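Below is the structure:
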């Protein structure tokens, strides 16, 4: 059987690629490595040593449209962190950046800190139960 090594990148449909790139660069300390416009519209890629995020603005998407996790497609995107201390550091970082969030929540899966990007896309920092 062929092997997949994990998710190589996540590309999000957004209303404003520049605004999204700036939000993620500021919050996650990523760098914009690609900023192009192709036959599908504007596309920006941000990268860090451990993940790649792409942002696409589709012409068919209304500027007023916002993410809804109850529709078919993405529910949320989670960033894995090592432990509760890292979650607490991310909580402080979200506060610094003025990003509203859930606070650290414990559930049967582990600990998570949920927040949303400028298009209302649901995101979280997550620490599995055995690592909390």
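Numbering (this note's numbering), first residue to last: -1 to 130. Built from N, CA and C at the ideal position, the CB exists for glycine as well. These numbers come from a predicted model, not from an experiment.
Output the boundary residues of the alpha helix (DSSP H) element that contains residue i.
i, result
"residue 15", "15 to 26"
What would DSSP say about residue i, mapped onto helix, strand or coil?
i, result
"residue 101", "strand"
"residue 128", "helix"
"residue 122", "strand"
"residue 39", "strand"
Leaving out five residues before and five after residue i in sequence, what residues of the same chain have Cβ atoms less than 8 angstroms from its Cβ?
i, result
"residue 18", "10, 12, 42, 53, 115, 116 and 117"
"residue 103", "109, 110, 111 and 112"
"residue 91", "25"
Can you tell me where the beta strand (DSSP E) with residue i in it begins and where it stops?
i, result
"residue 108", "108 to 114"
"residue 35", "29 to 36"
"residue 8", "8 to 11"
Inspect the beta-carbon positions of residue i and residue j and report whether they are closer than 7 angstroms.
i, j, result
"residue 65", "residue 119", "yes"
"residue 39", "residue 57", "yes"
"residue 55", "residue 8", "no"
"residue 46", "residue 30", "no"
"residue 23", "residue 44", "yes"
"residue 32", "residue 75", "no"
Near residue i, which residues of its chain fall below 7 angstroms by C-beta distance, leaving aside the five closest residues on each side in sequence?
i, result
"residue 85", "79, 102, 109, 111, 123 and 125"
In chain order, which alpha helix (DSSP H) runs of at least 4 residues are fully inside the region 41 to 95? As far as the region 41 to 95 is concerned, its whole alpha helix (DSSP H) runs of at least 4 residues are 82 to 95.
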